[in-house]
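Undergrad: First residue of the sequence shown: 1, per full-length UniProt numbering; consecutive thereafter. Where a beta carbon is used, it is the ideal one built from N, C-alpha and C, also for glycine. Can you keep this structure in mind? I'll have questions shortly.
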Amino acid sequence: MPFTTKLSAALGHPHRLVLIVLAVAVMMGAGTAAAETLDRLSSAAVVDGPIPAGAVGDPSRAYPFGASVTDVAAYGYVEEEFFFSGHTPAGPYTSRMLVRRPADPAKFSGTVVTEWQNVSNNFDLDCLWARSADHLLRSGDAYVAVDAQTVGVDHPDTGLTAWNPQRYDRLRLPAVGTFVAEPAAYEIFGQALRQVRSPDGVAPLGDLTVKQQLVTGCSQSAAALTIYANTVGPLYGAVDGYLLTALSTASIGPATPSAALPQPVAGAAGVPVLQLNTETDSAQFRPPDTDRYRLWEVAGTTHSDHDAQTYLEAVARRDLGREPTPYPCAAPPLSRIPFRNVQNAALDAVKSWARGGPAPAVQPQMDYAADGTVLRDRYGNAFGGIRLPEFAVPVATNNRDNSGGDVCSTLFGRSVPFTSDELHALYPTRQDYLTRFEQATTAAVDSGVLLPGDARDSVDAARASAAIPE
Numbered sequence: 001m002p003f004t005t006k007l008s009a010a011l012g013h014p015h016r017l018v019l020i021v022l023a024v025a026v027m028m029g030a031g032t033a034a035a036e037t038l039d040r041l042s043s044a045a046v047v048d049g050p051i052p053a054g055a056v057g058d059p060s061r062a063y064p065f066g067a068s069v070t071d072v073a074a075y076g077y078v079e080e081e082f083f084f085s086g087h088t089p090a091g092p093y094t095s096r097m098l099v100r101r102p103a104d105p106a107k108f109s110g111t112v113v114t115e116w117q118n119v120s121n122n123f124d125l126d127c128l129w130a131r132s133a134d135h136l137l138r139s140g141d142a143y144v145a146v147d148a149q150t151v152g153v154d155h156p157d158t159g160l161t162a163w164n165p166q167r168y169d170r171l172r173l174p175a176v177g178t179f180v181a182e183p184a185a186y187e188i189f190g191q192a193l194r195q196v197r198s199p200d201g202v203a204p205l206g207d208l209t210v211k212q213q214l215v216t217g218c219s220q221s222a223a224a225l226t227i228y229a230n231t232v233g234p235l236y237g238a239v240d241g242y243l244l245t246a247l248s249t250a251s252i253g254p255a256t257p258s259a260a261l262p263q264p265v266a267g268a269a270g271v272p273v274l275q276l277n278t279e280t281d282s283a284q285f286r287p288p289d290t291d292r293y294r295l296w297e298v299a300g301t302t303h304s305d306h307d308a309q310t311y312l313e314a315v316a317r318r319d320l321g322r323e324p325t326p327y328p329c330a331a332p333p334l335s336r337i338p339f340r341n342v343q344n345a346a347l348d349a350v351k352s353w354a355r356g357g358p359a360p361a362v363q364p365q366m367d368y369a370a371d372g373t374v375l376r377d378r379y380g381n382a383f384g385g386i387r388l389p390e391f392a393v394p395v396a397t398n399n400r401d402n403s404g405g406d407v408c409s410t411l412f413g414r415s416v417p418f419t420s421d422e423l424h425a426l427y428p429t430r431q432d433y434l435t436r437f438e439q440a441t442t443a444a445v446d447s448g449v450l451l452p453g454d455a456r457d458s459v460d461a462a463r464a465s466a467a468i469p470e
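Okay, here's the thing in structure tokens:
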């Protein structure tokens, strides 16, 4: 039974047939009939805004929840919040989108990256932005974060309507299903994409002219976005390429226990799809590469790493008044291998691919034993996969294994520095280490998984590091 059928059957709602009909129409190539069905069932969203906002972090909370931690104004950007309203077969809705764009249209690259907000923490998190904000800002790309799921809006403690009832009281999403099993979410997201790409009325991107829209989601929202790309996405159009990150069983959670797991279907999206996984996610969904699909797996990285967790904690501290607490992990958690660097390269690769350029290079995948375990060296670092210089020339064990709490074993992994004896055995002198690091950096750039600017930053960090003494 196809995944969408299983998923919809699990919903137990009369509108579940809508998603099934649309999915079947896509798979059977009945594009025209399906589009007519979609037009009858859905209407264009109406955008309102920008919504007035006060200073970010003000105790009055008169600003957008989840406003960028990175200072966008320093890059010549503005951040604005918009509400948008429309209809789905499950009922009417009003949601929001958060826009970050160049203030000067002349500085706009022509590309907008639109993200399906992750709500695994019961509040909005812009996963891709958390790791790649600096790259997007340097590139002149616009960025939009869309709320498509109910928990981000109406969670009783941390949802938008609870966080600031005066600001967000208008927001309403059909309360049907949870997480990936929310049929209305797919139409809400599709209607938002259309308004970003080709606005009718208020333009969320102001005077910017969009030449290309890339769509992304991370973890749980990558699972939802995979379903979207496989089914209703081709009907809505407005998408030039997808970047799916950290897509694994951890992305689903208990919301759909009887459903098969979503994975990309070759060619179903109709546009290029790059799936970028951490080591945590690597064994879950591994369809073969095609002319429209690439799978990249980054060795030594974890589902949530130091970069992502640092950003999440900053949002939670500022907007929710939550201070981070020590993690109950047996080993030091959170990989220090910079997944963000491969994510930056993946973004640029999808941009070029979607414009008609060559497909991204096929990359080596993780190495597994016959029993399904990752093959590792004597330090616990994995064989295979994309090997950034920080991993290829290691100063620590970075892998997905940990214990002591659920997030430790399923999301955080470990990062355990080598002893001085281990470091000396690997690198008799500091220059040995730096020479090997620079060689690994060149190899990563040549293979297309590391951008030159990020390569320079990595080499500078290695030279400044005190891990290897003189």
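Could you check if A461 is buried or exposed, using at least 16 other CB atoms within 10 Å of its CB as the buried criterion?
TA: exposed
Undergrad: Is F189 near V146, with beta carbons less than 8 Å apart?
TA: yes
Undergrad: Taking the continuous beta strand (DSSP E) assigned at N402, which residues delimit it?
TA: Premise fails: N402 is in no beta strand (DSSP E) and is neither H nor E.
Undergrad: Could you check where the alpha helix (DSSP H) with L434 kicks off and where it finishes?
TA: 430-446
Undergrad: If G385 and M366 are in contact, beta carbons under 8 Å, what's the gap, nearest whole angstrom?
TA: Between G385 and M366 the beta-carbon gap is near 4 Å, inside 8 Å, which marks them as a contact.
Undergrad: Measuring only the C-alpha atoms, how far is F82 from D48?
TA: 6 Å
Undergrad: As a quick exercise: from S132, A345, L320, G159, pick the residue whose alpha carbon is nearest that of D58.
TA: L320
Undergrad: With distance defined between alpha-carbon atoms, name the residue in Y327, A330, T278, D289 nearest to A361.
TA: D289
Undergrad: Which residues mark the beginning and the end of the alpha helix (DSSP H) in which Q363 is found?
TA: First-last for Q363: undefined, no H or E at that position.
Undergrad: What whole-angstrom Cβ distance do L225 and V215 have, given they're in contact under 8 Å?
TA: About 7 Å separates the two Cβ atoms, so the contact holds.
Undergrad: How many angstroms separate the CA atom of G453 from the CA atom of F65?
TA: Cα to Cα, the separation comes out at about 31 Å.
Undergrad: Suppose you measure from the CA of C127 to the CA of Y427; what does that come to, to the nearest Å?
TA: Approximately 36 Å between the Cα atoms of the pair.
Undergrad: With a threshold of 8 Å on Cβ separation, who are the neighbours of D169 within its own chain once the five nearest residues in sequence on each side are excluded?
TA: T161
Undergrad: Using the beta-carbon count (16 or more within 10 Å), is H303 buried or exposed?
TA: So H303 ends up on the buried side.
Undergrad: Report the three-state DSSP secondary structure of L347 (helix, strand or coil).
TA: helix
Undergrad: Output the boundary residues of the alpha helix (DSSP H) element that contains E422.
TA: 420-426
Undergrad: So within the region 206-257, which uninterrupted beta strand (DSSP E) runs reach at least 3 residues, ignoring any that extend past its ends?
TA: Assignment of beta strand (DSSP E) within the region 206-257, counting only whole runs of 3 or more residues, yields 212-218, 241-245 in chain order.
Undergrad: With respect to the alpha helix (DSSP H) encompassing R414, which residues constitute its N-terminal and C-terminal limits?
TA: Premise fails: R414 lies in the beta strand (DSSP E), 414-417, not in any alpha helix (DSSP H).
Undergrad: Tell whether a beta-carbon distance below 8 Å holds between R96 and Y77.
TA: no
Undergrad: Along the chain, where does the alpha helix (DSSP H) that runs through Q191 open and close?
TA: 183-197 is the span of the alpha helix (DSSP H), which, as asked, contains Q191.
Undergrad: Per DSSP, what kind of secondary structure is F391 in: helix, strand or coil?
TA: helix
Undergrad: Among the candidates V202, R61, E438, T325, whose CA atom is the shortest distance from the CA of L388?
TA: Measuring from the Cα of L388, the nearest candidate turns out to be E438.
Undergrad: In chain order, what are the residue ranges of uninterrupted alpha helix (DSSP H) at least 4 long that sit wholly in the region 126-169?
TA: 127-139, 150-154, 160-163, 165-168
Undergrad: Roughly how many angstroms separate the alpha carbons of R294 and P358, rounded to a whole number?
TA: 12 Å
Undergrad: Our contact map puts G448 next to A349 with C-beta atoms below 8 Å; I'd like the distance itself, whole angstroms only.
TA: 7 Å
Undergrad: Are at least three pairs of beta-carbons, each pair with one atom in the region 145-159 and one in the region 110-129, less than 8 Å apart?
TA: yes
Undergrad: So what's V342 in DSSP terms, helix, strand or just coil?
TA: In this structure, V342 counts as helix in the three-state DSSP scheme.
Undergrad: Taking a contact to mean a Cβ-Cβ separation below 8 Å, would you say R194 touches T94 in this structure?
TA: With a cutoff of 8 Å on beta-carbon distance, R194 and T94 are scored as not near each other.
Undergrad: I'd like the list of long-range same chain contacts for E80, defined as Cβ closer than 6 Å, with 5 residues on each side in sequence excluded.
TA: Cβ neighbours of E80 beyond the five flanking positions: P50, V99.
Undergrad: Can you tell me whether T301 is buried or exposed? The criterion is at least 16 other CB atoms within 10 Å of its CB, across all chains shown.
TA: buried
Undergrad: Quick one: what's N118 bridged to in DSSP?
TA: L125
Undergrad: Are at least three pairs of beta-carbons, each pair with one atom in the region 262-280 and one in the region 406-416, less than 8 Å apart?
TA: yes
Undergrad: R100 bridges to which residues according to DSSP?
TA: E79, Y143
Undergrad: Within the continuous beta strand (DSSP E) that includes V47, where are the two ends?
TA: 46-48
Undergrad: Assign D371 to buried or exposed, taking buried as 16 or more other Cβ atoms, counted over all protein chains shown, within 10 Å of its Cβ.
TA: exposed
Undergrad: When we look at the beta-carbon of F223 and count the other beta-carbons within 10 Å, is it buried (16 or more) or exposed?
TA: In the sequence as displayed, the identity of residue 223 is Ala instead of Phe. With 16 or more Cβ atoms within 10 Å of its Cβ, A223 is classed as buried.
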